[in-house]
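In the order they appear, the protein sequences are chains H and S.
Using the working numbering, the first residue of the first sequence is number 1, and each one after it goes up by one.
Using the working numbering, the first residue of the second sequence is number 1, and each one after it goes up by one.
Built from N, CA and C at the ideal position, the CB exists for glycine as well.
All of these numbers come straight from a predicted model, not from anything done at the bench.
Here is the structure we will look at.
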Amino acid sequence: MNRNILRLVLASIAVLFLELTAIAGLPAGEELAVSHCESGSSGGHLVVSLRSEPKTLNPVVSNDISSREVLALTHADLIHIDRATQQTQAALAKSWKVSSDGLKYTLQLRRGLRFSDGVPFDADDVVFSFKVYLDQSLGSPQRDLLIINGKGISVEKTGPYTVTVSLPGPYASAERLFDSIAILPKHILEKPYQYGKLAHTWALDTSPEQLVGLGPFRLKSYVPGQNLTLEKNPFYWKADRRGVRLPYLSEITFLFVGNENAEVLRFAAGETDLMNRISAQNYNALEREQASRGFRLYDLGPSLEYNFLLFNLNGQIPAQSKDVLRKQEWFRDVRFRQAISLAIDREAMNHIVYQGRGAPIWTHVTPGNLLWQDASIPHPLRSLAKSREFLRSAGFTWRSDGSLVDSRNIPVEFSILTSASSNQRTQMATMLQEDLRPLGIEIHVVPLEFRTMLDRVFQTHDYEAAVMGLGGGDVDPNSQINVWLSSGDDHLWDLGETKPSTSWEADIDHLMALQVSTLKERYRKHLYDRVQEIEAENLPIICLVSPDILVGAKERLGNFHPSTLDSHTLWNADELFFAAERRASSH
Amino acid sequence: MNVPRGIRGPLSLLVVVHISALLAGFLAPYNFVDQDRSLSLSPPSKVHLSDSQGKPHWPPFVYRLIERPGHFGEYLEDTSQRYGIGFLVRSSEYRAFGVYSSNIHLFGVSPPARLCLMGTDSYGRDVFSRLLYGGQISLFTGLLAAGLSLFLATMLGTVAGYYGHWIDATIMRIDELFLALPWLYLLLGLRAFLPLRISPGQAFLLLIIVIGIVGWARPGRLIRGIVLSAKERTYVRAARSFGASDSYVIVHHILPQTRSVILTQAALLIPQYMLAEVTLSFLGLGVGEPTASWGSMLAPLQSYHVLASCWWMFFPGLVLITIFLSYGTILRALQQGGFS
Chain H
1 MNRNILRLVL ASIAVLFLEL TAIAGLPAGE ELAVSHCESG SSGGHLVVSL
51 RSEPKTLNPV VSNDISSREV LALTHADLIH IDRATQQTQA ALAKSWKVSS
101 DGLKYTLQLR RGLRFSDGVP FDADDVVFSF KVYLDQSLGS PQRDLLIING
151 KGISVEKTGP YTVTVSLPGP YASAERLFDS IAILPKHILE KPYQYGKLAH
201 TWALDTSPEQ LVGLGPFRLK SYVPGQNLTL EKNPFYWKAD RRGVRLPYLS
251 EITFLFVGNE NAEVLRFAAG ETDLMNRISA QNYNALEREQ ASRGFRLYDL
301 GPSLEYNFLL FNLNGQIPAQ SKDVLRKQEW FRDVRFRQAI SLAIDREAMN
351 HIVYQGRGAP IWTHVTPGNL LWQDASIPHP LRSLAKSREF LRSAGFTWRS
401 DGSLVDSRNI PVEFSILTSA SSNQRTQMAT MLQEDLRPLG IEIHVVPLEF
451 RTMLDRVFQT HDYEAAVMGL GGGDVDPNSQ INVWLSSGDD HLWDLGETKP
501 STSWEADIDH LMALQVSTLK ERYRKHLYDR VQEIEAENLP IICLVSPDIL
551 VGAKERLGNF HPSTLDSHTL WNADELFFAA ERRASSH
Chain S
1 MNVPRGIRGP LSLLVVVHIS ALLAGFLAPY NFVDQDRSLS LSPPSKVHLS
51 DSQGKPHWPP FVYRLIERPG HFGEYLEDTS QRYGIGFLVR SSEYRAFGVY
101 SSNIHLFGVS PPARLCLMGT DSYGRDVFSR LLYGGQISLF TGLLAAGLSL
151 FLATMLGTVA GYYGHWIDAT IMRIDELFLA LPWLYLLLGL RAFLPLRISP
201 GQAFLLLIIV IGIVGWARPG RLIRGIVLSA KERTYVRAAR SFGASDSYVI
251 VHHILPQTRS VILTQAALLI PQYMLAEVTL SFLGLGVGEP TASWGSMLAP
301 LQSYHVLASC WWMFFPGLVL ITIFLSYGTI LRALQQGGFS
């Protein structure tokens with residue numbers, strides 16, 4: 001009798017266990033991460049707008065914000081930077097150990113995980129991924145992050161779920177390096193890689209089954225020019241405290257809307273559920289409506305974004321662009337760049353473009369980066385007199401009608417490219433036009449479609465100057481290494497340099513390499529301060545203003561905790577959910 | 001020419017608007033590039049006749065506007081000092097008709113106050129002044145491009161209709177090609193091929209030439225039809241039989257027949273081409289900043305906050321609507337044979 005009762009109890013426990021796992025969809029043996037977010041309800045379709053279409057869905061070669069935004073949701077990394085605490089947190093690696101000399105990291109991977117197509121994930125995928133990112137022929141933007149003292153890190157498989165990462169030299173905060181390095185499915189990408197076609201795989205026309213990742217979502221459909229929809233990845237490796245597998249949302253749709261105003265109109269009309277970056281003007285206009293329309297706005301304070309004026313200092317210029325070559329004689333003269341910088345009214349720019357919800361900046365490290373900003377960098381105010389002095393010393397003179405001419409009596413005029421989809425940067429360029437007019441410099445503002453502009457800056461180098469913005473990512477200096485190393489892929493003013501073309505670029509190269517390999521935080525800060533000083537003296541880019549981060553979301557969106565780091569609103573997309581009861585009350 | 005009473009109003013309005021645009025330098029209190037960054041998106045200046053105590057003053061005056069600290073785009077009047085509106089005042093230099101330099105403006109106030117009858121844009125530029133200067137681009141692109149179109153249409157239409165045969169066939173096939181062109185996309189495509197840096201003057205000419213050349217096809221076809229029927233009239237045959245040359249017949253007997261079609265087409269094409277210029281400038285593909293055009297002045301309305309809270313930025317749109325309605329009225333009168 002007792003034995004029967006025992007059997008019954010055991011059987012019921014087994015059934016209960018099976019049911020629970022069936023409900024949660026969690027097979028045994030899967031080492032899931034547990035999220036401590038507020039528990040939400042599954043389901044729901046989030047609609048988000050993107051200003052431009054992603055250029056690719058390949059994390060190895062993607063370089064634009066829209067692609068990164070989408071890829072952050074379809075892929076996962078080994079160790080992740082928690083956007084709320086800015087500290088590292090276990091992701092695909094459940095734990096890691098660092099050797100005493102700081103040169104060896106042993107990472108324990110989660111067991112039993114599967115890619116979004118159901119194929120198991122193990123150490124081979126990790127080794128393959130790093131091999132791809134480090135391959136010079138692919139030119140991945142992540143490659144520079146993985147190069148220390150000129151050598152790539154090496155990743156070895158030391159067990160089915162263990163990898164050992166060896167650093168060629170000491171590397172400051174090396175675990176932050178794994179953030180945003182998407183782990184790739186070897187079973188899908190190995191063949192294209194062997195045939196040398198990896199850079200062209202996973203373009204936008206790839207079928208959804210081929211696009212496989214470890215992120216919370218996977219591709220469902222893509223309609224060129226209109227939208228891209230992601231669906232829940234049923235094999236995602238995180239669950240909430242109740243054991244419910246994340247993500248809560250069943251779908252996310254990105255609408256391509258072209259510009260911010262179209263985004264705002266859609267957000268105000270309730271067609272989209274959250275807005276990533278709102279301009280200050282639109283923020284003020286929306287603020288009045290937030291109570292009645294069921295959304296909430298957040299001013300998160302200074303961002304890491306820096307907007308700057310960029311002169312084309314590239315060594316390789318297309319042969320037909322003789323004008324650019326001639327004008328480079330001016331652009332290369334640091335006194336010319338100093339004169340331009342001193343003629344810019346950054347305060348007015350902040351007032352008009354950001355309505356005071358931003359900050360004027362003199363280097364690329366913004367006030368939003370409390371840890372790394374060099375407080376001793378001077379902030380010279382606009383001075384046309386000093387500006388004229390610099391121009392005079394560089395051999396420029398003025399004609400009787402006030403126009404500036406160089407030593408060969410050629411009038412100084414140049415064009416500034418801006419992205420037509422960014423009102424703010426076009427406004428900055430128009431203000432620059434007016435700021436430089438008293439110096440006798442004529443400027444033509446040329447708004448271009450975003451991709452056309454990127455092609456000119458990154459590929460053909462056929463431009464004179466441009467107003468652009470960069471930033472986001474991480475606060476750590478290493479996140480900017482692509483821009484500041486002369487060999488970096490985002491070394492905008494002179495792309496494709498094999499060795500530094502000026503002595504100060506060589507100095508920056510040296511300082512950046514040194515700070516990467518230094519483990520003492522204080523010394524790193526000292527080195528990075530020096531980089532900022534060299535930047536302020538030589539002005540490879542002329543920094544202008546940095547905006548506050550302004551975002552908004554529907555009130556009923558649960559677990560919405562926007563962050564000053566990229567991506568501000570969707571970094572915890574796996575935890576977002578729609579609160580049903582609030583929806584009922586809002587109608 | 002006898003102008004019927006119904007269209008005297010719209011016609012004189014158009015004349016006034018065109019003359020105002022030509023006299024922009026004199027009528028506008030400010031230059032179209034002058035920025036006052038402390039007055040970004042300020043509403044139209046209030047012109048007062050009496051002060052805060054109700055005491056009347058002459059001439060009318062304005063108060064200086066000051067931004068409310070911490071509130072972007074909200075302005076308060078500083079009533080501590082009155083700034084009387086002066087007439088025929090000296091201020092910034094301008095060139096009338098590109099030749100005559102002057103610094104006398106019809107009206108103005110002394111700085112630091114500003115008299116902005118239609119408010120300011122986001123850079124603090126006077127919308128009223130820009131509206132007048134913008135008219136030079138928008139109005140005259142329409143006029144000149146329509147002139148070019150009609151000139152081409154008359155030439156080609158007459159040649160095709162009068163000589164017939166393979167000449168007619170060739171010109172008409174080219175005409176059909178032009179009719180089938182999606183002109184807006186053509187212009188968008190063309191802009192991508194142009195050099196990045198073109199001066200406002202070049203851009204203006206280019207707009208006129210491109211819009212003018214693309215648009216000859218429809219009026220050309222109409223004129224050809226009239227020429228076809230005119231050349232078969234008995235008096236034309238008679239003239240030819242008396243040995244009149246082709247050019248004599250065309251100038252004296254055929255072209256006068258096309259006059260009413262040309263006038264009707266002009267009233268149709270001018271506003272249409274103005275709209276083409278406005279559209280291109282609105283999209284940032286016309287005459288570049290800081291040169292004013294009604295299209296580029298309307299472009300900030302794409303921005304949600306301007307659309308929602310700066311009603312004075314709609315002025316160029318109102319002027320455009322008025323002009324289109326005037327042309328519409330004239331067109332209707334022409335179609336009903338109003339001119340004789």
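Taken through DSSP and simplified to helix, strand or coil, methionine 155 of chain S comes out as helix.
Straight-line spacing of the CA atoms in lysine 157 of chain H and leucine 107 of chain H works out to 10 Å. The closest CA to that of aspartate 82 of chain H, considering only H:Ser419, H:Phe578, H:Ser563, H:Ala579, is found on H:Ser563.
Taking the beta carbon of threonine 430 of chain H as reference, the chain S residues within 8 Å of it are Tyr123, Glu289, Pro290, listed in sequence order.
Look at the stretch 77-110 of chain S: it has no residue with a C-beta under 8 Å from a C-beta of chain H.
Beta-bridge analysis with DSSP links proline 120 of chain H to H:Arg114.
Proximity of isoleucine 352 of chain H to chain S, defined by a Cβ-Cβ separation below 9 Å, is satisfied. A contact is defined here as three or more CB-CB pairs under 8 Å, and the stretch 237-245 of chain S fails this definition with respect to the stretch 126-138 of chain S. For the stretch 36-58 of chain S, the beta-carbon criterion of a distance under 9 Å to any beta-carbon of chain H is satisfied by Arg37, Ser38, Ser40, Leu41. Interface with chain H (9 Å Cβ-Cβ cutoff): tyrosine 30 of chain S is excluded. Sequence-distant Cβ neighbours of leucine 181 of chain S in its own chain, meaning closer than 8 Å and more than five residues away, are Val214.
Chain order gives no chain H residues near serine 281 of chain S, where near means a beta carbon separation below 9 Å; the closest approach is about 12 Å. Glycine 328 of chain S carries a helical assignment under DSSP once its states are collapsed to helix, strand and coil. Secondary structure at arginine 382 of chain H: coil, using DSSP grouped into helix, strand and coil. Annotation for threonine 158 of chain H: no alpha helix (DSSP H) segment contains it, though the beta strand (DSSP E) segment containing it runs 154-159. In the displayed model, leucine 184 of chain H falls within coil according to three-state DSSP, outside both helix and strand.
In this structure, H:Leu184 is the residue among H:Asp435, H:Leu184, H:Thr430 with its C-alpha nearest to the C-alpha of threonine 201 of chain H. What glycine 284 of chain S touches in chain H, judged by beta-carbon distance under 7 Å, is Ala420, Pro447, going in chain order.
In its own chain, leaving out the 5 sequence neighbours on each side, no residue places its CB closer than 7 Å to the CB of arginine 332 of chain S.
Three or more Cβ pairs closer than 8 Å define a contact, and the stretch 516-526 of chain H meets that threshold against the stretch 162-175 of chain H. Taking C-beta separations shorter than 6 Å and ignoring five residues to either side along the sequence, the partners of tryptophan 216 of chain S in its chain run Ser149, Leu152, Ala153, following chain order.
With respect to the C-alpha of arginine 425 of chain H, the residue from H:Ser279, H:Gly29, H:Val165 having the closest C-alpha is H:Ser279. Of all residues in the stretch 372-402 of chain H, none has a C-beta nearer than 8 Å to a C-beta of chain S.
Pairwise C-beta distances place the stretch 521-530 of chain H out of contact with the stretch 318-337 of chain H, as fewer than three of them are shorter than 8 Å.
For the stretch 276-288 of chain H, the beta-carbon criterion of a distance under 7 Å to any beta-carbon of chain S is satisfied by Gln281, Asn282, Asn284, Ala285.
Among the CB atoms of chain H, one or more fall inside 9 Å of the CB of glycine 73 of chain S. In the displayed model, phenylalanine 577 of chain H falls within a strand according to three-state DSSP. Tryptophan 166 of chain S carries a helical assignment under DSSP once its states are collapsed to helix, strand and coil. DSSP, read as helix, strand or coil, puts arginine 82 of chain S in strand. Across the set S:His48, S:Gly108, S:Arg5, S:Ser122, the C-alpha of S:Ser122 shows the shortest separation from the C-alpha of arginine 37 of chain S.
For histidine 75 of chain H, no alpha helix (DSSP H) run applies, since DSSP gives it neither H nor E. By the rule that beta-carbons nearer than 9 Å mark a contact, glutamate 190 of chain H does not touch chain S. Within the stretch 389-451 of chain H, the complete beta strand (DSSP E) segments of 3 residues or longer fall at 413-419, 442-448, listed in chain order. Among the residues of the stretch 118-150 of chain S, those with a Cβ less than 9 Å away from any Cβ of chain H are Ser122, Tyr123, Gly124, in the order of the chain. Contact check for methionine 453 of chain H against threonine 418 of chain H passes: the beta carbons are separated by less than 9 Å.
DSSP, read as helix, strand or coil, puts alanine 172 of chain H in coil.
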